[in-house]
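Read in numbering that gives the first Met the number 0, the sequence shown has 134 at position 135, and its numbers run on one by one without any break.
Even glycine gets a Cβ: it sits at the ideal position worked out from N, Cα and C.
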Amino acid sequence: MHITFIVTGGTIFQTRDPSTGCMVIGARLEDIVAPDWLSALGVHSSLCVDLKVRSGAELTYDTIFAARDAVVAHMGRSTAFILVTGTDTLEEFAFCLDLLLGNALLAASTSLVVTGAMKPYDIEGYDGRCNVQQAVQVAIAPG
0 MHITFIVTGG
10 TIFQTRDPST
20 GCMVIGARLE
30 DIVAPDWLSA
40 LGVHSSLCVD
50 LKVRSGAELT
60 YDTIFAARDA
70 VVAHMGRSTA
80 FILVTGTDTL
90 EEFAFCLDLL
100 LGNALLAAST
110 SLVVTGAMKP
120 YDIEGYDGRC
130 NVQQAVQVAI
140 APG
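The following block contains the structure:
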């Protein structure tokens, strides 16, 4: 089984910069998803496509089309796709991708799950790791 992660940034990857007090991208997908955990689920390979966007509030049509293009480019090779993005525009992103890719994903019996986090990576009670793990479990579930 192969999963493609498409990441755009967002709170899920943010940490507080102690020198400025500003939120910055301070974590990577590798900090959130442990390879041994994926292996235990039967995911033997994964790929990360980083669209290099900082915040969900910075969502543009170009970002939506880049995510669509990443899915299309890996459609035949991936069992499932996980889009990790900011929660400010998560719903809009999911809606647009459904319009652009819904029929193709259905025809290919391929899942696309969109997830993010409400709390930054370095805050107690961080929800990002759990959200990504649950997204993977949903994406690879039969049916």
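Close Cβ partners of residue i (< 8 Å) along its chain, the five nearest in sequence each way excluded
| i | result |
| --- | --- |
| His73 | Thr3, Leu46, Val48 and Phe80 |
| Gly124 | Lys118 |
Residue i classed as buried or exposed, judged by whether at least 16 other C-beta atoms fall within 10 angstroms
| i | result |
| --- | --- |
| Leu105 | exposed |
| Phe92 | buried |
| Gly142 | exposed |
| Gly55 | buried |
| Ala33 | exposed |
| Ile20 | The sequence shown places Gly at residue 20, not Ile. The residue in question, Gly20, is exposed, as its Cβ has fewer than 16 Cβ neighbours within 10 Å. |
| Phe64 | exposed |
Residue nearest to residue i in terms of C-alpha spacing, selected from the options
| i | options | result |
| --- | --- | --- |
| Thr78 | Leu40, Glu29 and Val52 | Leu40 |
| Phe94 | Met22, Pro17 and Tyr60 | Tyr60 |
| Leu28 | Thr86, Ala69 and Leu82 | Leu82 |
| Thr10 | Leu111, His1, Val52 and Thr62 | Val52 |
| Val71 | Val42, Ser44, Ser38 and Ala107 | Ala107 |
Close beta carbons around residue i, own chain, < 6 Å, minus the five adjacent residues each side
| i | result |
| --- | --- |
| Val6 | Leu28, Asp49 and Val83 |
| Asp87 | Gly55 and Ala56 |
| Ile31 | Gly127, Arg128 and Val131 |
Could you say if the stretch 92-104 and the stretch 129-137 meet the contact criterion of at least three C-beta pairs nearer than 8 Å? Contact annotation: the stretch 92-104 does not touch the stretch 129-137, with fewer than three C-beta pairs closer than 8 Å.
Could I get the ranges of all uninterrupted beta strand (DSSP E) runs contained in the stretch 87-134, with 3 residues as the minimum, in chain order? Fully enclosed beta strand (DSSP E) runs of no fewer than 3 residues occupy 110-114 of the stretch 87-134, in order along the chain.
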